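Residue numbers (UniProt numbering): 1 to 272. By construction, the Cβ of each residue, glycine as well, lies at the ideal position given by its N, Cα and C atoms. Small disclaimer: the values here were computed from a predicted structure and weren't measured.
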Ligand code: GDP
Ligand code: K
Ligand code: MG
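Now the structure itself:
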C-alpha cells in the first residue's frame with residue numbers, strides 16, 4: 001500500500017484535508033514514546049488503497065521540538081511515497097520555508113495550495129504554473145473546507161507515486177557553503193547513515209545537535225583527519241552558517257514568487 005504524509009504549518013488545513021481524503025476511515029493513536037497524537041486513515045482510488053498520515057503542524061524541520069523531530073523522522077525513516085505539503089495561500093512566503101526543507105530531504109513533494117477562497121477574498125493572485133516550475137514541485141489549488149480541488153490533488157499525488165526516480169531540485173546556499181556540502185556529502189555517501197547524505201550535510205552546517213551525534217557516533221564512517229578537523233571546528237561556525245542557509249532558502253522562495261504573485265498593497269493602519 002502506498003503511503004501519503006500530510007505536512008504543513010499549524011492551521012494550514014492539514015486535518016481538514018485529512019478528513020476530506022479519508023472521511024470516517026481513520027483512527028487516532030500516539031507516536032511511539034511520546035504523547036503527540038498520530039492520525040492515520042485510508043482512501044480508495046481506482047481499486048487501490050492509499051494510507052494517509054496527518055503529521056504534527058510545524059514551521060521548520062530542525063530538532064527544536066518534539067513535533068519537528070517526529071515529522072522529520074517519519075519523512076526520512078517511515079519513507080512515505082509522497083509528502084503532501086499543505087500551504088496556506090494567504091501566507092505563502094512563510095509557508096514555503098518548510099517546503100524548502102522538504103526539498104532538501106529529497107522526497108517527493110506535491111503542494112496543496114489551500115485556503116484559495118480566502119486568497120480570492122483578499123485579491124491575492126498566483127501564477128501557479130510559474131511558481132511550480134521555479135520550485136520544481138507541482139502545485140494543486142484546493143479549498144479543503146469545501147472539499148474543492150481534492151480530486152485534482154489525488155490525481156497529482158498518484159501520478160507522483162507512480163513516477164520513477166527521485167526529484168532533483170537544486171537550492172544553492174552560495175559558493176562557499178555549496179562546496180562544504182559537497183565535501184561532507186562525499187564522505188557521508190560511503191557510510192550507511194539511514195538519512196540522505198545531502199540532508200545530513202546541511203544539518204551539520206546548521207549545527208543540528210541530533211544529527212551531529214549520529215555522525216560522531218557512527219563507527220562505519222571513514223573519519224579522515226580532514227573530516228575530523230572539519231567536524232571539530234564546525235561547532236564554532238554553525239551560527240554563521242545557519243543564518244546564511246536561512247537567507248538562501250528565502251532567496252530560493254523569493255526567486256520563485258518574484259512577479260508570480262500579485263497582492264493588493266496592504267493599507268497601513270492609521271492612528272487618528
Ligand atoms: P491544521 O492545524 O493544519 O490541522 O489545520 P485545520 O485543518 O485544523 O484548519 C485550521 C482552520 O482553517 C479550521 O478552522 C478550518 O476549518 C479552516 N480551514 C481549513 N481549510 C480551509 C480552506 O480551504 N478555506 C478556509 N476558509 N478555511 C479553511
Ligand atoms: K489546529
Ligand atoms: Mg491538525
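| message | Looking at the ligand MG, does it come within less than 8 Å of residue 23, judged from the CB to the closest heavy atom? | response | no
| query | With respect to the alpha helix (DSSP H) encompassing residue 88, which residues constitute its N-terminal and C-terminal limits? | reply | That residue, residue 88, is in no alpha helix (DSSP H); its beta strand (DSSP E) goes 82 to 88.
| task | Taking only the alpha-carbon atoms, compute the straight-line gap between residue 187 and residue 146 and give it to the nearest angstrom. | result | 49 Å
| request: Going by CA-CA distance only, name the one from 158, 215, 201 that's closest to residue 318. | output: For residue 318 there is no data in the structure shown, the boundaries of the chain being 1 and 272.
| request: Pick out whichever of 70, 18, 183, 25 has its Cα sitting closest to the Cα of residue 36. | output: Measuring C-alpha to C-alpha distances from residue 36 to each of 70, 18, 183, 25 identifies 70 as the nearest.
| Cβ neighbour criterion (16 or more within 10 Å) applied to residue 115 | buried
| query | What residue range is occupied by the uninterrupted beta strand (DSSP E) comprising residue 197? | reply | Here residue 197 belongs to no beta strand (DSSP E); instead the alpha helix (DSSP H) covers 197 to 205.
| query | In the stretch 121 to 205, which residue ranges form an unbroken beta strand (DSSP E) of at least 3 residues, counting only runs that do not cross its ends? | reply | 139 to 141
| message | Could you check whether the stretch 79 to 93 touches the stretch 165 to 173, counting it as contact only if at least three pairs of C-beta atoms, one from each stretch, sit closer than 8 Å? | response | Verdict: no, contact absent.
| For the ligand NAD, is there a heavy atom less than 8 Å away from the beta-carbon of residue 166? | The ligand NAD is absent from the structure shown, which contains only the ligand GDP, the ligand K and the ligand MG.
| So which residues put a beta carbon under 7 Å from any heavy atom of the ligand MG, going in chain order? | 14, 15, 54, 57
| What do you reckon, are the CB atoms on residue 41 and residue 30 nearer than 9 Å? | no
| Out of curiosity, what's the CA-to-CA distance linking residue 59 and residue 242? | 16 Å
| Inter-residue CB distance, residue 138 and residue 111 (contact presumed, cutoff 8 Å) | 7 Å
| query | Should residue 62 go down as buried or exposed, given a rule of 16 or more other Cβ atoms within 10 Å for buried? | reply | buried
| Pairwise C-alpha distance: residue 108 and residue 2 | 13 Å
| field | Nearest to residue 135 (by Cα), restricted to the options 260, 4, 8 | value | 260
| Do you know offhand how far residue 256's Cα is from residue 173's? | 15 Å
| request: Count the other CB atoms, across all protein chains shown, that sit within 10 Å of the CB of residue 266; report buried if there are 16 or more and exposed otherwise. | output: The residue in question, residue 266, is exposed, as its Cβ has fewer than 16 Cβ neighbours within 10 Å.
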